[in-house]
Structure formats: C-alpha cells, structure tokens
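The block underneath contains the structure these notes are about, expressed in structure tokens.
Protein chains: 2
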Amino acid sequence: MSVPKYSKASRPCLIVGSVAIDRVATPFAQSDNILGGAASYASIAASYFAPTRIVGAVGGDFPKPFLKRFSKHGIDTTGLQIEREGKTFFWSGKYHENFAGRDTLEIQLNVFEKFSPTLPALYRETPYVMLGAIQPALQHHVVDQLKGKNAFILADTFDLWIKTTREDLDRLLPRIDLFVINEDESKLLTGETNLILAGRKLRKMGPRMVVLKKGEHGSLLFHPEGFFAIPAYPVTKFVDPTGAGDSYAGALIGYLASVNRTDLAALKKAVAYATACASLTVESFSVNRLSSGGRATVNARYKELEQMTRF
Amino acid sequence: MSVPKYSKASRPCLIVGSVAIDRVATPFAQSDNILGGAASYASIAASYFAPTRIVGAVGGDFPKPFLKRFSKHGIDTTGLQIEREGKTFFWSGKYHENFAGRDTLEIQLNVFEKFSPTLPALYRETPYVMLGAIQPALQHHVVDQLKGKNAFILADTFDLWIKTTREDLDRLLPRIDLFVINEDESKLLTGETNLILAGRKLRKMGPRMVVLKKGEHGSLLFHPEGFFAIPAYPVTKFVDPTGAGDSYAGALIGYLASVNRTDLAALKKAVAYATACASLTVESFSVNRLSSGGRATVNARYKELEQMTRF
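Sequence order for the protein chains is A and B.
For our numbering, count along the first sequence from 1 and bump the result up by 845.
For our numbering, count along the second sequence from 1 and bump the result up by 845.
Take a look at the structure:
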C-alpha cells in the first residue's frame, strides 16, 4: 500500500503504547519474531483514517521491515525512541483451547522497562490521543505533556493495572474522554456483572464516554447522548486474537480524528470502523492482515456491518 | 389488557409445548406456584402479533387465573388438554450466582408424562407453527398432523434431546423451516465453537433458517438471503431468565404470521420483536412483565433497538 491520503477535515492523532517483538502460539499454529505491541496495531489501524503519530520505544534489534511497515502506512515515527544499545520489548504468549484465555510464557521488558513516553514538541498539541494500556502513571505523564485542555483522550487499560495500580487508574479516569475496556476488566473494575450497569458505573468514574468490548459478541458504547451496541464482524477464519483490542481502539481514535467530531453519530461510526479493523487483525498473526487489507477492505466490512445490523 | 386486534394480513399461528406450574429461585428472590412452560411464554408473546392457538396439557389443578391470562391475550385454548383427574407439570429450578447456569431441583411430569400433542381439526391447517422444546418424537407427531406442506415451522430444542434422542432430532431438522437454538446447544449439536460456522453447519442439517440465541449478547440469524445480528435489549432490572427463549421464539413466529412473509427483511424485524419480548420476560418472574407490558411496550423497545443499532 502507498501512504494514505486524508481528507481536509482530518486532524492528526497520537498513539502512545508498547511496540514489541512477539512470539505467539495458538491451538492451531505459532509464529515467532513478529511485530507486536499495542501501539503497533493501533497506529496501523488509525493510519487508515487520519495522520498518525506514534510514541513508543524499541531497541537496536528492532527489524527494519517493521519500521518500514510503519512508514508504508504514513505513520510519523519521530516519537519512536530507538535505543541502539537496548533490546526491544519481547512477549511470548500461548492461547488456550478455543482461545479461552491465554498464558504469558515469557516477558523481556528490555527498553520498555525504563520507557517514559516523552512527546516531541510538535506532538504536544495533537487533538486526538490514544493512551495504550501502559501503566497509569505513564498515561498520566502523557496527559501532563499535552498543551491546553482540548485534546480528546482515549485510554485503554489492562487487568494488571486494575489490580496493582488502582489509585493511579482512578485518578486517570476523570482526565480522559473515552475509556475503552473489555468485559472482564469492566467487571473487575466496577464489581458489576450486568454490563449495562457496569458501563454506566464506569462513566460515573470520570470518562464522558465508555466503550465495552465483548470480543466475538461485539461492543457497547455508553455516550452522553445515548447507548449503542454493535455485533462483531462474523469472522470465520480466526487465527490470532492478539492486538484485536488495540486495532479497535486505534481505528476508533483515527476515525474520530478524521471527522474531528465526537458526537454520538460520529462515535457510532467510529465503533463500526473499529469493529471492522479488529476483525481483520484476528485473521492473521501480527498486523499482517490488518496492514494488507487496506482501507478498501475496512470500508467493505463497514458496509457489511451496516447491512447485517439494519432492520 | 383487552383481546388484541390483528391486521387483515395476519394469519394464525400455533404454539405446541409445555404448560407448567413453576417454582423458581434466583440469587435474589424466589417465586412459587407461578405460570410456566414454554408454550405459556411463547403463546403470550405470539399473541401480540397474530391470532394464537396453543396445544399443551394441564391438570385439574391448573389455576383459573392462568387460563384467564391466556384468554385475556385472545389465545385460542381449544387445543389445551385439561385432564381433570391429573396434575399439571411442575418444575422447580434454582439459578446459580450471576445466573451462570441453573439446577433443576424437582420435576413432576404429571399429565405431561403421557402428553401427546393432538391437534384439533381446525388447527391442522395453521400456516405458522412453533414446536416448543418437547421431545423430537412429539415434534414429529405434530408435523405429521399438519395438512399440506405449506406450513412454516419453527422448532426449538433442549440439550437433553441433543444428548438422548439425537437421531429423532436429526430427522426433524429437514422437516422444519427455522431452527431456534442457544449458543451452548449449537456447540453441542455441531461440535463447532465458532458461532458463525455453527450456524452455517446447522443450516446444512436441514432447516432453511437458523437463529442462534446468545442471551445478554443478542442473537444471530442465518437466512438464505443473508446474515443478521442484533444485540440484546439493554436490561438493567434482571429478575428471572426463565422463559426468555420461549418468549423470543413465540414473538418470532407471531410476527411472521402477522405479516405472512418469511424473507430476510421480515425475519430481521421478527428477530427484533423477539428480542424486545425476551427482554420483558426477564424483568419479572413468570409471564408477568411480558403480559402486562402490552404491545405498546414491545413496540417502544423495538424502536429503541432500532436506534441503538443504527449507525
């Protein structure tokens, strides 16, 4: 694919998070030495919609083809800290039968251990920002660097942070606009098993909007103007779920940046595009299918989602 | 409510299944001596849309107010076998925490033990028929009595029949038009964990159409003309799930009878009305909320579903 062209209304978006080298085993196959990390998936998904900036850290071992993948998508990597002496964050995971959960087999934090998301001066006025599921303290650090109070901030999280750094997370929620969380994490964070009540409770914790992701069962949007629910795109070639949620969140922030709107109608469309991008991600290891699919495939799935939900 | 009035296009529908007296315990409350049984829920839901006939069996102990409930809904009970000497089928169940499964505490089959669904002569030409989850042999017996081959037949089933009378069930599937099944049953019957593949596989087993119910995650429709997915109605006052699936199926067949069409557009709307009716059922014990809600509430929820899914 060539570097995408964006509409005039498009505003830039910023993705902050992990960039990794992964080894993934599923019940059916495995793949080694592949591009991983939340910011990788999210920035490629976002790049379909709006000019995308990435902040993360990699080591001197980070493969050139991975950098090339970012530039093919027109992603601005000025904020990607390359530590020549260090090694890239490594994650190895194994999915259980039927993809019901996964085990982390190995983690080498490497350069990610001391990662501090420092925004290049130019990035500090980015109007649409996604905070990947890094430690809440680091998410705060990003928000602190944003100039003015006008950026629209999406944050993701992770069950580990809910369990270990709950206070930081609680303080973060009122500082963001859109909280993206999965079903299990929402139950953990709110103590509420009814997802509708959980979503409402999360909004009361600070963010104006909440998106609750349910994997193969789709997702729910809690917005000040109303509620929205969308099924998952019907995937039949399910290869690897890694990065699905990151692709989802990246497409979401990217679409909002592309229309520069955050009303309910815009959020609904953003959630549909997010659903389309996540469905591509799970059809291959790493970002392969998400990246090769191209905007045309994303658009086709969006249209299909429209048809399969309208009555 | 008064006996409903139906549009001129409406055709009658027939509901065959259990009529019971239930005792239900949930993690929050319990209720005893209440109207239960698949045919009770289904016929009340169907009655919102089309003239509804019921076939089932009860004993001399069947409370008058329960019969009155049927007649208030304009349900034709000519086919309800009342065995003065016998006792009504009794079911007692207890739901686990968070409604994750349930235990049957007691079953007294009573008149249901020798129940044979004999259709009154007038019922044999009913154009829309729902076979509740009774034994497949009895479902066959109903189909055998239908005159001509033009009736549209919906069938439900139950994990027990999949495990114990699989052959009868396999022979039934090619005889019906629409198979309604829940997520776990679909996995059990097809051995397929991907619900999209499971739905397609079920269609290959005979029925032209399949609806796969996922409880709080909504439902999926597999139709020769295309695929459709709808979320559940966002229920926050969840009291008792008993009968939700039966109400769903009853509304489905009732709506199809009311428009006398079975194309994809009609099925989508039927599934949305089914979703609305099921959401009422879970908000109370027994048929109370489903019955008291009335068509106006069903319509309001249908409209809400339209708004919360359109983008």
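All residues carry an ideal CB built from backbone N, CA and C; glycine is no exception.
What you are looking at is a predicted structure, and each value in this text was computed from that prediction instead of being measured.
query: Can you check whether the C-beta of Ala870(A) is within less than 7 Å of a C-beta belonging to chain B?; result: no
query: Listed in chain order, which residues of the stretch 931-948 of chain A have Cβ atoms closer than 7 Å to some Cβ of chain D?; result: Absent from the structure is chain D; the protein chains it does hold are A and B.
query: Using a cut-off of 7 Å between C-beta atoms, extract the partners of Ala1089(B) located in chain A.; result: Ordered by position in chain A, no residue passes the 7 Å Cβ test against Ala1089(B), which lies about 15 Å from the chain.
query: Quick check on DSSP: helix, strand or coil for Ser1136(B)?; result: helix
query: State the DSSP-derived secondary structure class of Val900(A), mapped to helix, strand or coil.; result: strand
query: Between Leu1023(A) and chain B, is the shortest Cβ-Cβ distance under 7 Å, so that the two count as touching?; result: no
query: Run through the DSSP bridge pairs and tell me what Ala1123(A) is partnered with.; result: DSSP, once it has assigned bridges, lists no residue as partnering Ala1123(A).
query: Quick one: list the residues of chain A neighbouring Ala1117(B), beta-carbon separation under 8 Å, in chain order.; result: Phe1156
query: Looking at the C-beta of Leu1054(B), does it have a partner C-beta in chain A at a distance below 7 Å?; result: The sequence as given places Met at residue 1054(B); Leu does not occur at that position. Chain A, which has no Cβ nearer than 7 Å to the Cβ of Met1054(B), makes this no.
query: Quick check: what's the CA-CA separation for Ser1117(A) versus Gln875(A)?; result: Note on identity: in this sequence residue 1117(A) is Ala, with Ser being the wrong assignment. Distance between the alpha carbons of Ala1117(A) and Gln875(A) is about 29 Å.
query: Determine the contact status of Ala895(B) and Gly1051(B), defining contact as a CB-CB distance below 7 Å.; result: no
query: Contact between the stretch 851-867 of chain B and the stretch 1136-1156 of chain A: three or more CB pairs below 8 Å?; result: no
query: Should Arg898(A) be labelled buried (16 or more other beta-carbon atoms within 10 Å of its own) or exposed?; result: buried
query: Among Arg1053(A), Ser1103(A), Lys1114(A), Arg1134(A), whose alpha-carbon lies nearest the alpha-carbon of Ala1089(A)?; result: Arg1134(A)
query: Let me check understanding here. Comparing Cα to Cα, which of Phe907(A), Phe944(A), Thr1142(A), Lys992(A) lies closest to Lys932(A)?; result: Phe907(A)
query: Kindly indicate the opening and closing residues of the beta strand (DSSP E) around Val1055(B).; result: 1054-1058
query: Have a look at Ala1057(A) and Arg856(B) and give me their C-alpha separation to the nearest angstrom.; result: Rather than Ala, the amino acid found at residue 1057(A) in this sequence is Leu. Cα-Cα distance, rounded: 41 Å.
query: Please confirm whether Ala854(B) has its beta-carbon closer than 7 Å to some beta-carbon of chain A.; result: no
query: Taking Leu1040(B) as the reference, which of Leu1023(A), Asp877(A), Leu1040(A), Val1080(A) has the closest Cα?; result: Val1080(A)
query: DSSP has Ala1102(B) in a bridge; who is on the other side?; result: Paired residue(s): none; Ala1102(B) is not in a bridge.
query: Name the chain B residues that come within less than 7 Å of Ala1074(A), Cβ to Cβ?; result: Pro1076, Met1153, Thr1154
query: Closer than 7 Å between beta carbons: that is the criterion. Which residues of the stretch 968-989 of chain A meet it against chain B?; result: none
query: Could you give the C-beta distance for Gly901(A) and Pro965(A), rounded to a whole number, given that I count them as a contact under 8 Å?; result: In fact, because the Cβ distance is near 12 Å, the residues do not count as touching under 8 Å.
query: Which whole-angstrom value describes the C-beta separation of Ala884(B) and Gly946(B), a residue pair presumed to lie in contact below a C-beta threshold of 8 Å?; result: Not really, about 24 Å apart at Cβ, beyond 8 Å.
query: Assuming Phe1024(B) and Val1055(B) make a contact with CB atoms under 8 Å, what is their CB distance in whole Å?; result: 5 Å
query: Return no unless some Cβ of chain B is closer than 7 Å to the Cβ of His1068(A).; result: no
query: Does any CB atom of chain A fall closer than 7 Å to the CB of Thr1081(B)?; result: yes
query: Quick one: is Phe873(A) buried, meaning 16 or more other Cβ sit within 10 Å of its Cβ, or exposed?; result: exposed
query: With distances taken between CB atoms, is the gap from Ala1121(A) to Tyr1093(A) smaller than 7 Å?; result: no
query: Residues of chain B with a CB under 7 Å from the CB of Asn1039(A): which are they?; result: Thr1081, Phe1083
query: At what residues does the beta strand (DSSP E) containing Gln926(B) begin and finish?; result: 921-928
query: Measuring alpha carbon to alpha carbon, tell me which residue in Asp1108(B), Ala1000(B), Lys1008(B) is nearest Ala887(B).; result: Ala1000(B)
query: Could you tell me which of Leu991(A), Thr1142(A), Leu983(A), Phe957(A) sits nearest to Thr1192(A), measuring between CA atoms?; result: Look at the range of chain A in this structure, 846 to 1156, and you will see that residue 1192(A) is not part of it.
query: Could you give the DSSP three-state label for Gly977(B): helix, strand or coil?; result: coil
query: Who are Ser937(B)'s beta bridge partners in DSSP?; result: Arg868(B), Glu951(B)
query: Closest Cβ-Cβ distance between Leu1042(B) and chain A: below 7 Å?; result: yes
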